[in-house]
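Data first, discussion second: the structure below is written as structure tokens.
2 protein chains.
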Amino acid sequence: MPPRFEFHIAARDGKARTGEIRMRRGTIATPAFMPVGTAATVKAMKPADVRKAGADIILGNTYHLMLRPGAERIDRLGGLHAFMGWDRPILTDSGGYQVMSLADLRKITEEGVSFKSHLDGSKHMLSPERSMEIQALLGSDIVMAFDECPRADQPREAIEASMELSMRWARRSREAFDKGPTAGTSALFGIQQGALDEGLRARSAEALREIGFDGYAVGGLAVGEGQEAMFATLDFAPDMLPEDSPRYLMGVGKPDDLVGAVERGIDMFDCVLPTRSGRNGQAFTWNGPINIRNAKFAEDLAPLDERCACPVCKGWSRAYLHHLIRAGEMLGAMLMTEHNLYFYQQLMAAMRDSIAAGQFNDFAARFRADYLKVTG
Amino acid sequence: MPPRFEFHIAARDGKARTGEIRMRRGTIATPAFMPVGTAATVKAMKPADVRKAGADIILGNTYHLMLRPGAERIDRLGGLHAFMGWDRPILTDSGGYQVMSLADLRKITEEGVSFKSHLDGSKHMLSPERSMEIQALLGSDIVMAFDECPRADQPREAIEASMELSMRWARRSREAFDKGPTAGTSALFGIQQGALDEGLRARSAEALREIGFDGYAVGGLAVGEGQEAMFATLDFAPDMLPEDSPRYLMGVGKPDDLVGAVERGIDMFDCVLPTRSGRNGQAFTWNGPINIRNAKFAEDLAPLDERCACPVCKGWSRAYLHHLIRAGEMLGAMLMTEHNLYFYQQLMAAMRDSIAAGQFNDFAARFRADYLKVTG
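Rendered as structure tokens:
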């Protein structure tokens, strides 16, 4: 009988940790990168190819799925896993972040958030209870507490009030989850808020620890504050969360963000960057990102990355990808996405291996020298 | 040593024939359907999946490729096969049809056609000699003679003059091909013109036979004349072409077009329909086409086609494809295209098998009963 949720740390190197999360639908090697499957699809990828790229878990978006095709509909169709053909773990966000960034006519009260769909103007409501209900209808394996994510440039009082609201919502999320149908099979993560403020982060962490969750996310970062401010916050925020639970940095990030965050004790990530930027012609390589639209690639017979083991780098040249992306061909988006997902997973695997070998600092230094051209 | 070009007819049933074309890069089972790879990609498909669907050969478009990325560039990059990652035969059209349907400011003279690119307005010229040169630069396995394809609704004098021009261009194509670098490795097909006119079709066929080609296309159909007029022409036009050479009906067609054309002695087809209509949400099934956008499919857990053996029908429901296409997700276009290409190839295989078994008429009747709901 596989466990509902277990986190085993196999090795540590500085603050960095490697291990695995064991769940009913599969094991997740950490540090883990979760490709984003917003609308029940990792864009331009078949699920089997997402898996082949190395993903143990993907992310689904509550906000998008509740609007289209609808959570009740997905439930009637057998849940998100069967619907999209991905049988391994799925983490769903709570909808809290995207309702604030995408929906129209948002109104926040103690109860929750009412809003209009950006797709068709229909009226909807999200609250801790409704978010738990939707995530259960989707069949989520890792459910995120419903929270509010304020912009980092707000006054401290607004950040504080928002964090406190999120902590009350975290408790209601816990209570609703525990009464819900998936309490015995899924996991629930809390989300630390408090923007860049150490005191608020500490109070948020304390509130979450008191409630108790299977894992803890660092929320409210990667919202425009820049890498330096994010790393400064990650210098203290993860340490405030339980050492023996996974820590998930939401919505991050660039390859160098991932390395810096693992260095600071983060175990899980999600980000649209490899998929979205792939569709737009940006490829990640060990020598930094390249824009394949650039005219210099028009007759470049090299693969995207000489060191990459992905099927795209084995099969096609930069010149071909340049042509496809310039011509707006779907295969261009497909192949660029596939390469980028492989690249991200190869990066995570390299970090896991280097932590296990006690050589994470060496790895990070070599990575930065090649990727950022930073030496010394 | 594989042959440059051999056509072996293994069985006949009425006018229908099944057999194979043997070439350096592979064998093509006939009747054959060639997926269209306009811009060096069968849209939304990896080459390996096009092959898995059952395609022995694909088609590339001279007009599109000469404009972007350019024939000389493809040659410098190792030819079209290496560029796009397809190592089996490729048939290229001559550019004649598409320059008339897509290019701006066309001017036709005895020499050829001058025009401006629809992409960037740049000036270009196509002639029999330049078309042969481009197709050789691409590395085409089956090269099409350069022709003019007039609209079928023109007066007979215009159709006649156009056909005679095409026959003079066919001779120049033959001469240029024979002097070209791929005369010993590629094949050259002539194209019969004459629209719906039996007398003009006979004169065109006679001219082509006198020149001599490896195969013969029936051109100038599927340009808006309707299935009845097309079949009426196919009742006589293919019979005028050499019995022991492959006959290729260009740009056709719907599944019922293919069955009716095979019945009339056609061996090869190409058409954008399975790929283009797939991207638009139309799926071909043994019970006729369906539009997956239709609201009735929103909670339909059945596959696109219960009798289809393709990976899409094995993996996903109509409900999921409905969601993807409605949401504008690339995976929707990918999966619909894949199913349609499998469907077309399964249809061709079923026709080949039924001809070999001497049961083509039974097959065609059963096909029409299910597909067109035509009985008796």
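Top to bottom, those sequences are chains Z and B. Heads up: the first sequence begins at 690 in the working numbering, then just goes up one per residue. Heads up: the second sequence begins at 690 in the working numbering, then just goes up one per residue. Glycine included, C-beta positions come from ideal geometry on N, C-alpha and C.
Beta-carbon gap between residue i and residue j smaller than 8 Å
i: Pro778/Z; j: Met712/Z; result: yes
i: Ala792/Z; j: Lys805/Z; result: yes
i: Arg1015/B; j: Arg982/B; result: yes
i: Gly879/Z; j: Ala859/Z; result: yes
i: Arg953/Z; j: Leu993/Z; result: no
i: Ser966/B; j: Asn1029/B; result: yes
i: Leu938/Z; j: Val961/Z; result: no
i: Ala876/B; j: Gly913/B; result: no
i: Gly915/B; j: Leu827/B; result: no
i: Thr730/B; j: Leu1013/Z; result: yes
i: His770/Z; j: Asp776/Z; result: yes
i: Leu1010/B; j: Leu1024/B; result: yes
i: Pro724/B; j: Met1040/B; result: no
i: Glu837/B; j: Leu815/B; result: no
i: Phe835/B; j: Ser851/B; result: no
i: Thr871/B; j: Ala825/B; result: yes
i: Val1001/Z; j: Glu1027/Z; result: yes
i: Asp702/Z; j: Ile1044/Z; result: yes
i: Met919/B; j: Ala894/B; result: no
i: Gly883/Z; j: Ile831/Z; result: no
i: Tyr1060/Z; j: Gly743/Z; result: no
Enclosing beta strand (DSSP E) for residue i [first to last residue]
i: Thr974/B; result: It is not in any beta strand (DSSP E) - Thr974/B carries neither H nor E in the DSSP assignment.
i: Val802/Z; result: 802-805
i: Asp959/Z; result: 957-960
i: Thr781/B; result: 779-781
i: Leu815/B; result: 812-815
i: Glu695/Z; result: 694-702
i: Val788/B; result: Unbroken run through Val788/B is the alpha helix (DSSP H), 785-791; no beta strand (DSSP E).
i: Ala721/Z; result: 721-724
Residue(s) in a DSSP beta bridge with residue i
i: Ala1039/B; result: BP columns for Ala1039/B are empty, so no partner.
i: Tyr905/Z; result: Gly879/Z, Arg936/Z
i: Lys796/Z; result: Ser803/Z
i: Arg713/B; result: DSSP, once it has assigned bridges, lists no residue as partnering Arg713/B.
i: Met833/Z; result: Phe878/Z
i: Thr707/B; result: Ala700/B
i: Ala718/B; result: Glu709/B
i: Ile747/B; result: Ile779/B
Chain Z residues whose Cβ lies nearer than 8 Å to that of residue i
i: Glu846/B; result: Here the premise fails: no neighbours, minimum Cβ distance about 40 Å.
i: Arg765/B; result: Glu988
Range of the contiguous alpha helix (DSSP H) that encloses residue i
i: Val731/B; result: Neither: Val731/B is in no alpha helix (DSSP H) and is coded neither H nor E.
i: Ala760/Z; result: 760-765
i: Glu899/Z; result: 887-900
i: Thr1072/Z; result: With chain Z represented from 690 up to 1065, any question about residue 1072/Z goes unanswered, as that position is not in the structure.
i: Thr922/Z; result: 916-923
i: Ala742/Z; result: First-last for Ala742/Z: undefined, no H or E at that position.
i: Met773/Z; result: 769-773
i: Ala884/Z; result: Run containing Ala884/Z: none; DSSP gives neither H nor E here.
i: Ala1058/B; result: 1049-1060
7 Å Cβ cut-off: residues of chain Z touching residue i
i: Tyr1009/B; result: Phe772, Met773
i: Gly1004/B; result: Gly774
i: Glu1018/B; result: Ala728, Thr730, Lys732
Cross-chain neighbours of residue i in chain Z, by beta carbon under 9 Å
i: Lys741/B; result: What Lys741/B touches in chain Z: nothing, since even the nearest Cβ is about 13 Å away.
Proximal chain B residues relative to residue i, where beta-carbon distance stays under 8 Å
i: Ala987/Z; result: Pro758, Arg762
The ligand GTP heavy atom lying under 7 Å from the CB of residue i
i: Met957/Z; result: Absence of the ligand GTP is noted for the structure shown, with no ligands found whatsoever.
Residues that residue i contacts on chain B, provided the C-beta gap is smaller than 7 Å
i: Ala1022/Z; result: Met1019
i: Leu1013/Z; result: Thr730
Query raised in the report: Counting only runs that start and end within the segment 948-1024 of chain Z, where is the alpha helix (DSSP H) found for 4 or more residues in a row?
Result: 962-968, 1000-1004, 1007-1015
Report task. Report the residue ranges of all beta strand (DSSP E) runs contained in full by the segment 839-864 of chain Z; include only those spanning at least 3 residues, in chain order. Result -> Fully enclosed beta strand (DSSP E) runs of 3 or longer: not present.
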